[in-house]
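>
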Amino acid sequence: MTRTVRGRAPEEAAYGFPEPLWRALARMRPPGMGRTRAWRSPIRGRWLTSVFGVVLLVSLPLVILTGLLDYLAYGPQFGQAFPVHTGGLRLPQFDWPTRPSWLFRLTQGLHVGLGLVLVPVVAAKLWSVVPRLFAWPPVRSAAQALERLSLLALVGGILFEIVTGVLNIQYDYVFGFDFYTAHYFGAWVFIAGFVTHAALKLPHMLQGLRSRSLRAELRIPLSETVPEPADPADTETLVALDPAAPTVSRRGALAIVGGGSLLVAVLSAGQTIGGVLRPAAVLLPRGRSYGDGPNDFQINRTPVAAGITPEMAGDGWRLTLLSGRPVPTVLDVASLAAMPQHTAELPLACVEGWSTVQTWTGVRLRDLAALAGIPEPASAHVRSFERNGAFGQATLNAGQVLDPDSLLATAVNGEPLSLAHGAPARIIAPALPGVHCTKWVSSIEFRRT
Amino acid sequence: MRYLRRLYGAHPLHLVVVLGCLALAGHAALGTRVNPGWMLMAIWFAVALVAHDLVLFPAYASADRLLVGTFGARGVNYVRIPLLGSALTFALFWPGIVRQGADTYLAATGLTQEPYLARWLLLCAIMFAVSALVALVNAARHAARRR
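Here it is, written out as structure tokens:
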């Protein structure tokens, strides 16, 4: 890259076609733009940027992948993953498995948890390259102009995904549009920018990483910290023209960013790992305690919000099993209790990144399917008494109905379900997204196709 | 090939990758035509970019310069680090701290956002206190070494 042609600037600095236009642009530098003396950080440089870059290169694909898996876990084949219409961005669809039972807990926990933990790294990466935003000329060729455009997708995309994700897990819908749809399409814009940036900058990043030894760098204290050497021919250098005296070493900067990530990890891991760690999530909705009774665990929709009264869950409650027979099977609480009971320890995991493991007891869904006359259904459609809201119903795939641990639960931790947890009966199934663990069940329709 | 490179400013493969990126991003943007509306999405993208690049960055960079000027190279990190921790936690958890989205929060959890502001302030206080303690210990060690 440092090859020079007849004494001219190296290739990277070369102007493309039409050269006079790009040169004219370069001459019209507004005050403050370009590699001015205002940029003074003594530690900005290609190595530091490359370190942040490689961390994101390795970890962000995991956030992307788990996010897309969470979309698939919602069951797009039943029209219950949002957005319903994805156009050409349709993912390969498959029946979401029930094993391991912690699968959805893992994917959503990683997506939200890792996404939060990476926020300080993203901020640091942006800080490390921000002089390039004010570079002048902004572009020297059509290639650079297009690449800059792709950076809009990259940086706009990651900021948009962080902002909408962070707001969603805290029930703050200030943005006023459908979260799922925006987060899904925003993700694809980001993926476009990310893949492009990674492809174009990988050689540059590897060069940057090789330019210094990480192990050696970790032994350099503040007193010995000097700026990275700047290649005078490199027009894209991040190294300051007139660096200030360092106030933090490079290893110190890495420690600050890593410390920030650690702080976020401590403040958010508890909402999905639970147990003794849960109270550590002091600033998140799901670090809070509801008490220590058998029914005292996280709720994601109150009976009041769902329009459920205690009377609706009382003696008058009936469960309707539909299977295409002319007369549906109707069960009351007593007849449900007379059926074989099964107990399973299963996580209740939400796409918002929290989960909790409880011991559930109830009737197996496959026993109900057999009772309704379709012992091997292709799917089951569950409805709730709940009014308003997008999740008063859910469709389960065959595996989710037939798994021996899939229950219409009536009790949790040895006690009847509380009204807030869906009394008298709710769905709980292994690896099923929490939002499909329908509460206050009114009917289940077993389908042959 | 060399002529093409000169003209465009990079290897033709660069063009393929970048056009692929723009096509995918454009296709995703088309998906938002009806819901939530591409205009609204574009505004949020733009606001996020401007808020970070032209508001947040200049603000924290100036604040940092002010801090370095006030506390000097030796003292600045004892203020800078707890301040960064406070800013990071505020940025991530502000809906709870300023009680935004109170209705949806209540409908979902059955609880209010009442405790968060006090908890966040306490967390900030702890970070500053720990930092002050470390500063004191370091100052004492420094003084002892001098003697």
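Which chain is which? The protein sequence lines are X and A, in order.
Counting in our numbering, the first sequence runs from 1 upward without gaps.
Counting in our numbering, the second sequence runs from 1001 upward without gaps.
Note that beta-carbon positions come from the ideal geometry of N, C-alpha and C, so glycine has one too.
These numbers come from a predicted model, not from an experiment.
1. Between the stretch 73-85 of chain X and the stretch 270-283 of chain X, do at least 3 Cβ pairs fall closer than 8 Å?
2. Could you tell me the boundaries of the alpha helix (DSSP H) in which X:Q341 lies?
3. Please classify X:G422 as buried or exposed, where buried requires at least 16 other C-beta atoms within 10 Å of its C-beta.
4. Here's a check: name, in chain order, each residue in its chain whose Cβ is nearer than 8 Å to the Cβ of A:L1004, leaving out the five neighbours to either side.
5. To the nearest angstrom, report how far apart X:I256 and A:P1082 are at their CA atoms.
6. Throw me the rounded Cβ distance for the X:V99 and X:P430 pair, which I believe falls under 8 Å.
7. CB-CB under 7 Å to X:A344, same chain, minus the five flanking residues each way: which ones, in chain order?
8. Start and end of the beta strand (DSSP E) containing X:S379?
9. Note down, in chain order, each residue of its chain lying with its Cβ closer than 7 Å to the Cβ of X:V174, except the 5 sequence neighbours on either side.
10. Cβ closer than 7 Å: which chain A residues qualify as neighbours of X:V351?
11. Please name the residue in A:G1069, A:F1093, A:R1033 and A:N1035 whose C-alpha comes closest to that of A:L1121.
12. Spell out whether any CB of chain A is found under 7 Å from the CB atom of X:Y180.
13. Can you tell me which of X:L72, X:L48 and X:G87 puts its alpha carbon nearest to the alpha carbon of X:F104?
14. Does A:Y1003 get closer than 7 Å to chain X when you measure Cβ to Cβ?
15. Check for me: the alpha helix (DSSP H) holding X:Q170 runs from which residue to which?
16. Which whole-angstrom value describes the C-beta separation of X:P294 and X:E217, a residue pair presumed to lie in contact below a C-beta threshold of 8 Å?
17. To the nearest angstrom, how far is it from the Cα of X:C437 to the Cα of X:G362?
18. Take X:S41 as the anchor and find which of X:P131, X:L60, X:P20 and X:L56 has the nearest alpha-carbon.
19. Which one of A:T1112, A:L1030 and A:A1118 has the shortest CA to CA distance from X:A182?
20. Can you name the residues of chain X whose CB is closer than 7 Å to the CB of A:A1118?
21. Note down, one range per segment and in chain order, each alpha helix (DSSP H) of at least 4 residues found wholly within the stretch 105-151 of chain X.
22. Using 8 Å as the threshold, is the stretch 134-144 of chain X in touch with the stretch 53-71 of chain X, meaning 3 or more CB pairs across them?
23. For the pair the stretch 322-340 of chain X and the stretch 82-92 of chain X, tell me if three or more CB-CB distances fall below 8 Å.
24. Run through the stretch 166-244 of chain X for me and flag every whole alpha helix (DSSP H) of 4 or more residues, listed as ranges in chain order.
25. So, helix, strand or coil for X:T4, using DSSP?
26. Please classify X:P160: does DSSP put it in a helix, a strand, or coil?
27. By the three-class DSSP mapping on this structure, what secondary structure does X:R426 have?
28. Looking at the C-beta of X:Y173, does it have a partner C-beta in chain A at a distance below 7 Å?
29. Which whole runs of the alpha helix (DSSP H) in the stretch 343-408 of chain X are 4 residues long or more, in chain order?
30. Would you say A:Y1078 lies against chain X (beta-carbon separation less than 7 Å)?
Concretely, from the data shown:
1. Result no; under three Cβ-Cβ pairs closer than 8 Å.
2. Where X:Q341 is concerned, there is no enclosing alpha helix (DSSP H), because DSSP gives it neither an H nor an E.
3. Buried.
4. Here the set comprises P1012.
5. C-alpha separation (whole angstroms): 10 Å.
6. As written in the sequence, residue 99 of chain X is Arg, which differs from the Val given in the question. That pair is a contact at about 6 Å.
7. If the five residues before and after X:A344 are omitted, its C-beta is found closer than 7 Å to the C-beta atoms of W360, D405 and L407, all from its own chain and listed in chain order.
8. Run containing X:S379: S379 to S384, per the beta strand (DSSP E) assignment.
9. If we look at X:V174 and ignore the five residues flanking it on each side, its Cβ neighbours are L167.
10. Correct list: empty, because the minimum Cβ distance to chain A is about 13 Å.
11. Nearest C-alpha to A:L1121: A:F1093.
12. Not one chain A Cβ lies under 7 Å of X:Y180.
13. It is X:L72.
14. Between A:Y1003 and chain X, the shortest Cβ-Cβ separation is not below 7 Å.
15. Neither: X:Q170 is in no alpha helix (DSSP H) and is coded neither H nor E.
16. Not quite, the Cβ-Cβ distance comes to about 53 Å (not below 8 Å), so this is no contact.
17. Approximately 13 Å, taken between the alpha carbons.
18. Cα-wise, what sits closest to X:S41 is X:P131.
19. Looking at the Cα atoms, A:L1030 is the closest of the given residues.
20. What A:A1118 touches in chain X: nothing, since even the nearest Cβ is about 10 Å away.
21. The stretch 105-151 of chain X contains these whole alpha helix (DSSP H) runs: 119-133 and 142-151.
22. Touching, no, given that fewer than three Cβ pairs across the two stretches are closer than 8 Å.
23. Because the criterion of three Cβ pairs below 8 Å is not met, the stretch 322-340 of chain X and the stretch 82-92 of chain X do not touch.
24. Given a length threshold of 4 residues, each whole run of the alpha helix (DSSP H) inside the stretch 166-244 of chain X is given here in chain order: 179-210 and 214-217.
25. Reliability of the predicted coordinates at X:T4 is poor, the pLDDT of 37 falling under 50, and the value obtained from them is presented with this limitation in mind. Note: X:T4 maps to coil in three-state DSSP.
26. The amino acid at residue 160 of chain X is misidentified as Pro; the sequence shows Phe. Helix at X:F160.
27. Correct three-state label for X:R426: strand.
28. Cβ-Cβ to chain A under 7 Å: yes for X:Y173.
29. Taken in chain order, the complete alpha helix (DSSP H) segments of 4 residues or longer contained in the stretch 343-408 of chain X are 365-372 and 398-402.
30. Among the CB atoms of chain X, none fall inside 7 Å of the CB of A:Y1078.
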